[in-house]
Amino acid sequence: MKAKGDHHLHDASSVRCAIVTISDTRSMQTDLSGAAIKALLEEGGHRVSAHEIVPDEAGRIREKLLAIAEGGLADVIVATGGTGITSRDRTYEVAQELVEVELPGFGEIFRMLSFQEVGAVAILSRAMAGILRQRVALFVLPGSEAAVRLAVSRLIAPALGHLVGLLRK
1079 MKAKGDHHLH
1089 DASSVRCAIV
1099 TISDTRSMQT
1109 DLSGAAIKAL
1119 LEEGGHRVSA
1129 HEIVPDEAGR
1139 IREKLLAIAE
1149 GGLADVIVAT
1159 GGTGITSRDR
1169 TYEVAQELVE
1179 VELPGFGEIF
1189 RMLSFQEVGA
1199 VAILSRAMAG
1209 ILRQRVALFV
1219 LPGSEAAVRL
1229 AVSRLIAPAL
1239 GHLVGLLRK
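Taken in order, the sequence shown gives residues 1079 to 1247; the numbers are from my numbering.
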């Protein structure tokens, strides 16, 4: 019989993370959401190995996400921005094309938590998560600082060690 803690035996204690901000208007100085993600991940004991801003163009987003995943730059990518419903928002579609295994619980729970904070407009969020190249987790978040703080502090940071431990098996 397995001991209670055996399920978490292979959890990673510190995870390499990359942050990708998708925006046509933000710079490193004005990227409050990316800065919040970085601070929260580091507070959780994780390392940020890259933080980049990419224009909201499908080809550029695809190129950046694949470069990180295939280049071994991170175990986890946290992307912020481009998840809305305007004609310029392409992040969700690109992520859907690239993800091999979707983690639907992330988006479902994120929208539930968002609903508690912002009400019915939470249904407009296309936040999602999945696995790229069988080894890199991808989280796709809205661009708002409040949304990324909610997602990283309540869902992503607490689960990263276990998630990456499973991916490394």
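Glycine is no exception: its CB is placed at the ideal position from the N, C-alpha and C atoms.
Contact check, Ala1096 vs Leu1176, beta carbons under 8 Å: Stepping through the sequence shown from its first residue, residue 1096 is reached at position 18. Stepping through the sequence shown from its first residue, residue 1176 is reached at position 98. With contacts defined as CB atoms closer than 8 Å, Ala1096 and Leu1176 fail to qualify as a contacting pair.
DSSP-derived helix/strand/coil call for Glu1130: Position 52 of the sequence shown, counted from the start, is the residue given in the question as residue 1130. In the structure shown, Glu1130 sits in a strand (DSSP, three-state: E or B).
Supposed close pair Val1056, Ile1100 - CB separation, criterion 8 Å: Coverage of the chain is limited to positions 1079 through 1247, which leaves residue 1056 absent and any answer about it impossible.
Proximity to Ala1145 [Cα-Cα], best of Ala1128, Thr1158, Leu1241: The count along the sequence shown starts at 1 and reaches residue 1145 at position 67. Here the closest residue by C-alpha is Ala1128.
Backbone CA spacing between Ser1231 and Gly1208 [nearest angstrom]: The sequence position of residue 1231 within the sequence shown is 153, counting from 1. The sequence position of residue 1208 within the sequence shown is 130, counting from 1. Cα to Cα, the separation comes out at about 18 Å.
Alpha helix (DSSP H) runs wholly inside the stretch 1137-1193, at least 4 long, in chain order: Runs of the alpha helix (DSSP H) inside the stretch 1137-1193: 1169-1176.
Cα-Cα separation between Ser1092 and Ala1147, rounded to whole angstroms: Within the sequence shown, residue 1092 is the residue found at index 14, counting from 1. Within the sequence shown, residue 1147 is the residue found at index 69, counting from 1. For Ser1092 and Ala1147, the distance between alpha carbons rounds to 18 Å.
Cut-off 7 Å between Cβ atoms - residues of its own chain near Arg1104, not counting five sequence neighbours on either side: Residue 1104 sits at position 26 when you count from the first residue of the sequence shown. Counting only Cβ-Cβ distances below 7 Å, and skipping sequence neighbours, we find Ile1131.
Counterpart residues of Leu1216 in DSSP-defined beta bridges: One-based indexing of the sequence shown puts residue 1216 at position 138. Looking at the DSSP output, Leu1216 shares a beta bridge with Ile1155, Gly1208.
Beta-carbon gap between Ala1200 and Leu1245 smaller than 8 Å: Here residue 1200 refers to the residue found at position 122 when the sequence shown is read from its first residue. Here residue 1245 refers to the residue found at position 167 when the sequence shown is read from its first residue. Leu1245 is positioned such that its CB atom lies no closer than 8 Å to that of Ala1200.
Three CB pairs or more closer than 8 Å across the stretch 1116-1125 and the stretch 1219-1239: Yes: at least three Cβ pairs fall under 8 Å.
Residue-level contact to chain B via CB, Ala1152, 8 Å cutoff: The question asks about chain B, but that chain is absent: this structure has only one protein chain.
Proximity below 8 Å, CB of Gly1031 to CB of Thr1169: Here the chain covers residues 1079 to 1247 and nothing more, so residue 1031 does not appear.
Outcome for Lys1082 when other beta-carbon atoms lying within 10 angstroms are tallied against a minimum of 16: Against the sequence shown, residue 1082 aligns to sequence position 4. A caution first: Lys1082 carries a pLDDT of 49, below 50, which makes its placement in the model too unreliable to give a value.
Span of the beta strand (DSSP E) around Arg1227: Along the sequence shown, one-based indexing puts residue 1227 at 149. Per DSSP, Arg1227 belongs to no beta strand (DSSP E); it is in the alpha helix (DSSP H), 1223-1229.
According to DSSP, residues forming a beta bridge with Arg1094: Working through the sequence shown from its first residue, we reach residue 1094 at position 16. Answer is Arg1125, bridged to Arg1094.
For Ala1200, the first and last residue of its enclosing alpha helix (DSSP H): Taking the first residue of the sequence shown as 1, we reach residue 1200 at position 122. Counting along the chain, Ala1200 falls outside any alpha helix (DSSP H), and DSSP gives it neither H nor E.
Residues near Lys1116 in its chain [Cβ-Cβ closer than 8 Å; skip 5 each side]: Indexing the sequence shown from 1 puts residue 1116 at position 38. Here the set comprises Ile1097, Val1126, His1129.
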